[in-house]
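See below for the structure under consideration.
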Amino acid sequence: MGGNFQKVCRSEELRDGYCQVFRINDLSICLAMDGETVYAFDNICTHDGGILGEGKIEDHQIECPRHGAKFDIRTGEATQMPAVVRINTHEVKIKNEWVFIELTE
Ligand code: FES
290 MGGNFQKVCR SEELRDGYCQ VFRINDLSIC LAMDGETVYA FDNICTHDGG ILGEGKIEDH
350 QIECPRHGAK FDIRTGEATQ MPAVVRINTH EVKIKNEWVF IELTE
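Residue numbers for the sequence shown follow my numbering, so the first one is 290 and each next one is one higher.
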């Protein structure tokens, strides 16, 4: 598989439209199932440190429960104020029903 991919969970553990938070190498990472696709991003809002894993996913976006900022989970871009800085996303691969993510610095 190459790169710095880490095994996280089985894909059947994830539910469409919801996030699940995993601790990997001291990082808190959200895995979000959106339709058939799994996305991974850091579990922290760039506005003021809100916990994104407690937010909801709608229209490919996660909404921060603290002040309502939104981010596109496909790209990490901030799509609604008060956040303006993108969240850090991670590449996801699924192999034999296992979800792997690539950790970046
Ligand atoms: S901490 Fe996320 S919107 Fe303010």
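The C-beta atom is built at its ideal place from N, Cα and C for all residues, glycine as well. Keep in mind it's a predicted model, so treat the numbers as computed, not measured.
Can you find a C-beta in chain D that's less than 8 Å from the C-beta of residue i?
| i | result |
| --- | --- |
| Q369 | No chain D appears in the structure shown, which is made up of a single protein chain. |
Spatial neighbours of residue i within its chain, please: C-beta separation below 8 Å, excluding the five flanking residues on both sides.
| i | result |
| --- | --- |
| N377 | F330, D331, G365 and T393 |
| I299 | The sequence given here places Arg at residue 299; Ile does not occur at that position. If we look at R299 and ignore the five residues flanking it on each side, its Cβ neighbours are E386, W387 and V388. |
| V327 | S300, L303, L320, A321, V381, I383 and V388 |
| G344 | C308, I351, E352, C353 and P354 |
Distance, Cα to Cα, residue i vs residue j?
| i | j | result |
| --- | --- | --- |
| E346 | D361 | Sequence inspection shows Ile at residue 346; the Glu mentioned does not correspond to that position. So the alpha carbons of these two residues sit roughly 9 Å apart. |
| E386 | D323 | 16 Å |
| A358 | H349 | 14 Å |
| H336 | R312 | 21 Å |
Do residue j and residue i come within 8 Å of each other at the CB atom, strictly closer than that value?
| i | j | result |
| --- | --- | --- |
| F294 | I390 | yes |
| P354 | G338 | no |
Give every residue of the same chain whose Cβ lies closer than 6 Å to the Cβ of residue i, excluding the five residues on either side of it in the sequence, and list them in chain order.
| i | result |
| --- | --- |
| C308 | C319, A321 and G342 |
Might you give, ordered along the chain, the residues of its own chain that have their beta carbon closer than 7 Å to the beta carbon of residue i, omitting 5 neighbours on each side?
| i | result |
| --- | --- |
| R304 | M322 |
Ordered list of beta strand (DSSP E) runs contained in the region 314 to 377, each at least 3 residues: 316 to 323, 326 to 331, 350 to 352, 359 to 361 and 367 to 369
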